[in-house]
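The block underneath contains the structure these notes are about, expressed in structure tokens.
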Amino acid sequence: KAKQNGRNTYAFYTESITQQADQRFRLSNQLSKAIERCELELYYQPQIDMVSKRIIGAEALIRWNHPDDGLLTPWAFIGIAEETGIIHEISKWVIQQGCQQLKKWQEAGHQLTLSINISPRDFRYDDFYDQVAKNIQSSGITANGLELELTENGLMETSGNIRELLQQLKSLGISLAVDDFGTGHSSIAYLKHFPVDKLKIDRSFVKDIDVDPADKMITETIIDMARNFNLKVVAEGVETLPQHDLLLELECDIAQGYLYSKPVPLNEFETLLEKNSLA
Ligand code: C2E
Ligand code: MG
Ligand code: MG
Ligand code: MG
696 KAKQNGRNTY
706 AFYTESITQQ
716 ADQRFRLSNQ
726 LSKAIERCEL
736 ELYYQPQIDM
746 VSKRIIGAEA
756 LIRWNHPDDG
766 LLTPWAFIGI
776 AEETGIIHEI
786 SKWVIQQGCQ
796 QLKKWQEAGH
806 QLTLSINISP
816 RDFRYDDFYD
826 QVAKNIQSSG
836 ITANGLELEL
846 TENGLMETSG
856 NIRELLQQLK
866 SLGISLAVDD
876 FGTGHSSIAY
886 LKHFPVDKLK
896 IDRSFVKDID
906 VDPADKMITE
916 TIIDMARNFN
926 LKVVAEGVET
936 LPQHDLLLEL
946 ECDIAQGYLY
956 SKPVPLNEFE
966 TLLEKNSLA
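Just so we're aligned, residue 696 is where the sequence shown starts under full-length UniProt numbering, counting upward by one.
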């Protein structure tokens with residue numbers, strides 16, 4: 696919750712409460728039209744196999760080409776989208792775009808996993824499963840190339856029969872990743888109950904991994920635990936070579952971060968794919 700509040704107020708913290716409210720009202724009005732105006736865009740950040748250093752996947756990260764404010768990152772609008780319910784439309788759009796793009800890569804012979812971020816809010820709409828199923832079908836993708844990312848806190852927030860829904864989603868052939876792992880207010884016992892395939896170690900642990908023994912130990916513990924649960928591990932926010940080397944030593948499977956590439960527009964990502972080795 697603290698994170699969510701922080702995220703929502705982040706861009707406007709110097710303004711008064713009234714200005715903030717006006718700003719949010721303005722953005723939410725514009726956001727509701729952003730899809731039809733084609734202002735949303737998916738950027739892609741490569742995910743690297745730590746041993747081969749090859750691109751084995753991408754995370755789709757949404758951007759809003761705002762007519763007045765320029766390129767906005769999700770922190771500026773996902774919170775508003777969640778509060779207003781516009782997230783429902785946005786998620787539909789992201790899933791559709793993502794599947795269509797993945798289909799093109801699959802047809803070109805690329806073996807890639809495309810990870811899509813979803814919001815806990817998405818589960819409040821009972822057509823979520825149908826949306827995913829429909830898009831897998833209509834795009835014609837091989838479903839095991841698609842992955843949904845849900846934050847650890849998001850997973851805990853959602854109540855009811857989420858477990859059943861996750862199982863249904865998995866039965867489509869897609870995989871599930873737990874995002875920002877290690878930061879949530881959760882018991883690791885949920886790993887036993889939820890059919891997840893991957894843990895993404897939060898950037899906050901990776902940041903000082905080569906200088907802070909506690910962060911190294913936490914990361915090592917997460918990797919060991921993932922091994923025992925037969926899950927893959929992704930390290931988020933890898934920015935330096937020492938961080939990379941240490942993660943390799945700890946036998947982390949996959950890495951993602953500015954060291955390899957920032958999230959980039961489609962054409963730049965495809966240039967990286969053509970080289971397909973960032974080493
Ligand atoms: P996330 O899913 O944890 O994504 C990772 C964030 O870390 C991204 O921020 C990415 O640009 C950033 N990042 C990657 N590597 C590095 C690094 O080496 N150093 C640093 N400092 N940062 C790095 P971004 O793109 O601003 O996205 C922020 C969050 O917004 C995402 O966090 C995700 O929770 C959410 N989000 C993004 N796209 C979508 C979407 O399509 N739908 C929904 N519901 N949420 C989204
Ligand atoms: Mg993510
Ligand atoms: Mg994350
Ligand atoms: Mg995050």
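Just so you know, even glycine gets a beta-carbon here, dropped at the ideal spot from N, CA and C. Just so we're clear, the structure is a prediction, and the values are computed from it rather than from any experiment.
Indicate whether I790 and I773 have their beta-carbon atoms separated by less than 8 Å.
With contacts defined by Cβ atoms closer than 8 Å, I790 and I773 do not form a contacting pair.
Once DSSP output is grouped into helix, strand and coil, what is the label at I730?
Coil.
Going by C-alpha distance, which of S727, V746 and L756 is nearest Y738?
Ranked by Cα distance from Y738, the first of S727, V746 and L756 is L756.
I904 classed as buried or exposed, judged by whether at least 16 other C-beta atoms fall within 10 angstroms
Around the beta carbon of I904, 16 or more other beta carbons lie within 10 angstroms, which makes this residue buried.
What's the gap between the Cα of E778 and the Cα of V901?
Cα-Cα distance, rounded: 31 Å.
Regarding P815 and ligand 1, is the C-beta to nearest heavy atom distance less than 7 Å?
No - ligand 1 has no heavy atom lying nearer than 7 Å to the Cβ of P815.
Closer than 6 Å between the C-beta and any heavy atom of ligand 2: which residues qualify, listed along the chain?
Look at which beta carbons fall closer than 6 Å to any heavy atom of ligand 2; those residues are E754, N812, E844 and D874.
Secondary structure at G849, three-state DSSP: helix, strand or coil?
Correct three-state label for G849: helix.
Where P960 sits in the DSSP three-state scheme:
The answer is coil: DSSP assigns P960 none of H, G, I, E or B.
Is W759 near ligand 1, with its Cβ less than 7 Å from a heavy atom?
No, since every heavy atom of ligand 1 falls outside the 7 Å radius drawn around the Cβ of W759.
Is any beta-carbon of chain B found at less than 8 Å from that of I917?
Among the chains in the structure shown there is no chain B, since it carries only a single protein chain.
May I ask whether a heavy atom of ligand 3 can be found less than 7 Å away from the beta carbon of D897?
It does: the Cβ of D897 is within 7 Å (strictly closer) of some heavy atom of ligand 3.
Using only CA atoms, which one of R732, K798, F876 and Q725 lies nearest to G849?
Among R732, K798, F876 and Q725, the Cα nearest to that of G849 is on F876.
According to DSSP, is S807 part of a helix, a strand, or is it coil?
Correcting the residue type first, residue 807 is Leu in the shown sequence and not Ser. DSSP places L807 in coil when its eight states are reduced to three.
Can you tell me whether E931 sits near ligand 3, meaning its C-beta is under 7 Å from at least one heavy atom of the ligand?
In this structure, the C-beta of E931 approaches ligand 3 to less than 7 Å from one of its heavy atoms.
Helix, strand or coil: how does DSSP classify L871 here?
L871: strand per DSSP, three-state reduction.
Please return the same chain residues whose Cβ sits closer than 7 Å to the Cβ of L726, not counting the five positions on each side in sequence.
For L726, where only same-chain residues beyond five positions count, the Cβ hits under 7 Å are F772, I775, A776 and I781.
Going by DSSP in three states, C794 sits in which element: helix, strand or coil?
It is helical.
Quick one: what's got a C-beta closer than 7 Å to G701's C-beta in the same chain, skipping five residues either side?
Only weak support is given to the placement of G701: the predicted model assigns it a pLDDT of 48, under 50, and the value that follows is read from those uncertain coordinates. If we look at G701 and ignore the five residues flanking it on each side, it has no Cβ neighbours.
Cα-Cα separation, L871 to K865
Taking the straight line joining both Cα atoms gives about 7 Å.
What does a CB cutoff of less than 8 Å around A753 pick up in its chain, not counting 5 residues either side in sequence?
The residues are Y739, Q740, P741, Q742, L807, T808, L809, S810 and F964.
For I918, does the three-state DSSP call read helix, strand or coil?
In the structure shown, I918 sits in a helix (DSSP, three-state: H, G or I).
Whose C-beta lies closer than 7 Å to the C-beta of W759 among residues of the same chain, with five residues either side of it excluded?
When the five nearest sequence neighbours on each side are left out, the beta carbons in the same chain lying within less than 7 Å of the beta carbon of W759 are those of A729, E734, L735, L767 and F772, in order along the chain.
The alpha helix (DSSP H) spanning K829 covers which residue range?
Counting along the chain, the alpha helix (DSSP H) containing K829 begins and ends at F823 to S834.
Should Y953 be counted as a contact of ligand 1 given a C-beta to heavy atom distance under 7 Å?
Yes, ligand 1 has a heavy atom inside 7 Å of this Cβ.
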